[in-house]
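Q: Sharing a structure below in structure tokens format, with a few things to ask.
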Amino acid sequence: MEFDSDDLPVFGASYVSAMHSAYMDGRFDLSEVVHNEFTQGYAPPEEGETTIHRFDSRVTANVRMFDRDPIRVEARADCTVSVAWAGQQGNVRTFNAQMVQLDVKGVDNLGAARLRVSPTLPSKGVTTIEKLPNGLYKIESYFDIYTELSVDSGAYWFPSETGAVRMMLVEHYDAPALQTGVLVH
18 MEFDSDDLPV FGASYVSAMH SAYMDGRFDL SEVVHNEFTQ GYAPPEEGET TIHRFDSRVT
78 ANVRMFDRDP IRVEARADCT VSVAWAGQQG NVRTFNAQMV QLDVKGVDNL GAARLRVSPT
138 LPSKGVTTIE KLPNGLYKIE SYFDIYTELS VDSGAYWFPS ETGAVRMMLV EHYDAPALQT
198 GVLVH
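All letters in the sequence shown, in the order written, are residues 18 to 202 by our numbering.
So this is what it looks like as structure tokens:
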């Protein structure tokens, strides 16, 4: 994908996953996760450097709880990502990244539910940035995110039973809406 800037995270782009995450013995399931609307972008680190990127964002997902019909939910999230220079080959720079904070709260329709990145399992990713002859930047990026869910405002956390979810950078993504448990396109 080509972008006007090499700032991270990429404004106007989204991280999406087709995978699902199950919690609480499968009684709670997230799918069609979209992470976007980043409020701050940062220049990537220079050779040998590591930078910390803090920003707010939006997370949307389809949620199925206790065998009910799925609903589409949306919430704001606090996010912190560590980005480290990993090398350069030609005009392609590579960065290792780790999501060190993702705190999703105030989920509409779900009351006391919260989602966070695991504090014990590292959620790592890789980003490559290529400067193109036309002045644009080709950026490819992914994260493998380990999450935990709380249904009591953070008093107790349940780790995902399905492991890490791969979130891939896409230029634009419109998730299908859910209405009374039926996908609406």
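Glycine included, C-beta positions come from ideal geometry on N, C-alpha and C. This structure is a prediction, so every number in the text was calculated from the model and none was measured.
#1: Heavy atom of the ligand FMN less than 6 angstroms from the Cβ of Val51, yes or no?
#2: In three-state DSSP terms, what is Trp102?
#3: Within the same chain, show all residues whose beta-carbon is closer than 8 angstroms to that of Thr56, passing over the 5 residues directly before and after it, in chain order.
#4: Helix, strand or coil for Val168 per DSSP?
#5: By how many angstroms is the C-alpha of Asn79 removed from the C-alpha of Pro26?
#6: Cα-Cα, which of Arg44, Arg93 and Arg110 is closest to Glu54?
#7: Taking only the alpha-carbon atoms, compute the straight-line gap between Val33 and Ser140 and give it to the nearest angstrom.
#8: Helix, strand or coil for Thr111? Go by DSSP, reduced to three states.
#9: Mapping the DSSP letters down to three states, classify Ala92 as helix, strand or coil.
A: Answer, in terms of the structure:
#1: As presented, the structure is devoid of all ligands, the ligand FMN included, so that no description of it is given.
#2: Trp102 falls in the strand class under three-state DSSP.
#3: Counting only Cβ-Cβ distances below 8 angstroms, and skipping sequence neighbours, we find Phe72, Asp73 and Ser74.
#4: coil
#5: 23 angstroms
#6: Arg93
#7: 15 angstroms
#8: strand
#9: strand
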